[in-house]
Amino acid sequence: MRIALLDDYQDVALKMATWERLPADCEVIAFRDHLDNEEALVERLQAFDVIMAMRERTPLSRQLLQRLPRLKLIVTAGMRNASIDMDAAREQSVVVCGTAGLPYPTAELTVGLMLAWARSIAIEDRSLRDGRFQTTLGRGLNGRTLGIIGLGTLGSRVAKIANAFEMQVLAWSQNLTDERAQAAGVTRVEKDELLKRADYVTLHVVLSDRTRHLIGARELALMKSTACLVNTSRSAIVDEAAMIKALHDRTIGGVALDVYPIEPLPVDHPIRSAPNTVLTPHLGYVTEETYCTFYGHALEDIEAYLNGQPVRVLNG
């Protein structure tokens, strides 16, 4: 049994679980580099029985899966992965299992991005190292208005932290009720009102046909010229071209991003040179605690499959 752990960027996968618990005839190999070429992926993966996908970093399409006849099990970090063709896996009798995750790391990073943008932390860090001292004028979060689009598990956690900063918190989602909003300590408003009033807009909805480009040119035009858009969810929720134009036109104050249409982000991507941005490389879930959960549950998934009793099956 050969097991491939994909996209181990930090070279930690083999340390995050006791892989030696597996039978002696199991071989576990972690790959640090990211491949997005189908031929290269087939060449690498065709000799493996099990693939662990780290979130949605490497899409496992129908076309790719059809070229991996030895594959028996896919484990994805998390219980949802839009980049795996579940139907194709089922048709090939490939079991897909998930893992639990932790809700607080992404919520914490969301607030961290807000603070980094508000206080120009990255700019001041670079300036200090270059010999300068106090080059920007920051602004506090206290008393500002935060607009949360999507008040689920993550959005509610962000609201709780924002309330601790004594921010005014507004929320909108298509099915949000006044009662649910009040229980989370926020005020429900319509989307347009949220965009007009908020000093910070943060996105916490699942990407779907309904939410793709939920924030486009029209929505960006409603925002304050001083407002910051924060996205730790999925890149496609925002019309990227419209967002970059709004940044260059200064029709919004800035953006703080953790997610991108292509990951890893190409060196020539235009968002890198756009003004008033704070950018992190999809770190929302990247904590030691989360990785211990992901890889520990992946090990459990593989053991259960080998014992003929798969757990956390996503394509059953």
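In my numbering, the protein residues as written are 9 to 324. Using N, Cα and C, we set each Cβ at its ideal position, and we do this for glycine too. Quick caveat, the model's predicted, so the values are computed rather than measured.
What are the boundary residues of the alpha helix (DSSP H) that includes residue i?
i	result
Leu307	Glu296 to Leu314
Trp125	Tyr112 to Ala126
Met349	Nothing about residue 349 can be reported from this structure: the residues present for the chain run from 9 to 324 only.
Ile131	Ile129 to Arg137
Leu228	Ala225 to Leu230
Ile279	Where Ile279 is concerned, there is no enclosing alpha helix (DSSP H), given that its DSSP letter is neither H nor E.
Among the options, whose alpha-carbon lies nearest the alpha-carbon of residue i?
i	options	result
Lys80	Ser69, Met9 and Thr107	Met9
Leu291	Gly304, Ala264, Lys23 and Thr107	Ala264
Pro77	Glu271, Phe56, Ala90 and Pro67	Phe56
Ser233	Gly224, Thr240, Asp257 and Ile82	Asp257
Asp44	Ile11, Ile59, Glu116 and Ile270	Ile270
Ala97	Val197, Ser69, Pro111 and Met87	Ser69
Asn183	Gly160, Glu297 and Met62	Gly160
Ser241	Ala189, Gly262 and Thr288	Thr288
Leu273	Arg65, Lys23 and Val36	Arg65
Gln317	Leu72, Thr259, Val103 and Lys23	Val103
His277	Glu248, Thr295, Thr259 and Gly261	Glu248
Glu198	Glu227, Met175 and Glu174	Glu227
With residue i as the anchor, note down where its beta strand (DSSP E) starts and where it stops.
i	result
Glu271	Where Glu271 is concerned, there is no enclosing beta strand (DSSP E), given that its DSSP letter is neither H nor E.
Val263	Gly262 to Leu265
Arg242	First-last for Arg242: undefined, no H or E at that position.
Leu76	Leu76 -> no beta strand (DSSP E), and no H or E assigned at all.
Val286	Thr285 to Leu287
Val50	Where Val50 is concerned, there is no enclosing beta strand (DSSP E), although the alpha helix (DSSP H) it sits in stretches over Glu46 to Leu53.
Ile82	Leu81 to Thr84
Leu13	Arg10 to Leu13
Taking Cβ positions, are residue i and residue j nearer each other than 8 Å?
i	j	result
His212	Gly158	yes
Val119	Ile169	yes
Leu255	Asn284	yes
Pro67	Ser101	no
Glu132	Thr144	yes
Leu215	Gly155	no
Val58	Ile11	yes
Ser243	Tyr208	no
Leu117	Val286	no
Ala191	Val177	no
Thr107	His305	yes
Tyr303	Ala25	yes
Gly146	Arg134	no
Arg52	Leu307	no
Ile223	Ile252	no
Val6	Cys105	Residue 6 lies beyond the residue range present for the chain, which begins at 9 and ends at 324; the question has no answer from this structure.
Asp19	His42	no
Asp217	Asn239	no
Thr298	Leu110	yes
Ala179	Ala189	yes
Leu22	Phe39	no
Ala229	Thr259	yes
May I ask you to list the residues that DSSP assigns as paired with residue i?
i	result
Trp371	There is simply no residue 371 to check, as the chain begins at 9 and stops at 324 in what is shown.
Cys34	DSSP lists no partner for Cys34.
Leu237	Val209 and Val263
Leu68	Ile92
Is the CB of residue i under 8 Å away from at least one CB in chain E?
i	result
Pro278	Among the chains in the structure shown there is no chain E, since it carries only a single protein chain.
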